[in-house]
Amino acid sequence: MKKHPLLPLSETMHYILIALQEPLHGYAIMQKIDELSEGAVHLAAGTLYGALDNMTKYDWIEQVGLEGRRKIYHITPEGQRILAVEKARLVHLLSLY
Numbered sequence: 186m187k188k189h190p191l192l193p194l195s196e197t198m199h200y201i202l203i204a205l206q207e208p209l210h211g212y213a214i215m216q217k218i219d220e221l222s223e224g225a226v227h228l229a230a231g232t233l234y235g236a237l238d239n240m241t242k243y244d245w246i247e248q249v250g251l252e253g254r255r256k257i258y259h260i261t262p263e264g265q266r267i268l269a270v271e272k273a274r275l276v277h278l279l280s281l282y
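One rule links them: number in our numbering = place in the sequence shown (from 1) + 185.
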């Protein structure tokens, strides 16, 4: 498999893909990541929207609707595949301890 320019995933991208197991808008994504990380990860809007743009470009997430002016995003099957590849990589790495 050809190396993808965004792999391995950053911590931010992991959290975004995990958060987008359900459709969410940007602010809700930030809140979900805060919850999932137990307050350890706080995303700035610029970081979040830059990551969303990149992940949309690579078909890992897609816009699935609007809530007022807010874009709603959801993970795609390709995003699920990338998340599974990264999970396997991290599980393997941790098994080496």
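All residues carry an ideal CB built from backbone N, CA and C; glycine is no exception.
Meets three-Cβ-pair contact criterion under 8 angstroms: the region 245-254 and the region 219-229: no
Cβ-Cβ distance between T241 and T197 below 8 angstroms: For the purposes of this step, residue 241 is taken as the residue at position 56 of the sequence shown. For the purposes of this step, residue 197 is taken as the residue at position 12 of the sequence shown. No; because the gap between Cβ atoms is not below 8 angstroms, this pair is not in contact.
Cutoff 7 angstroms; reference Q206; Cβ partners in own chain excluding five residues on either side: Looking up residue 206 in the sequence shown gives position 21. Only I260 meet the Cβ criterion.
Alpha carbon of R266 to alpha carbon of Y243, nearest angstrom: Position 81 of the sequence shown, counting from 1, holds the residue named residue 266. Position 58 of the sequence shown, counting from 1, holds the residue named residue 243. Going by the C-alpha atoms only, they are around 12 angstroms apart.
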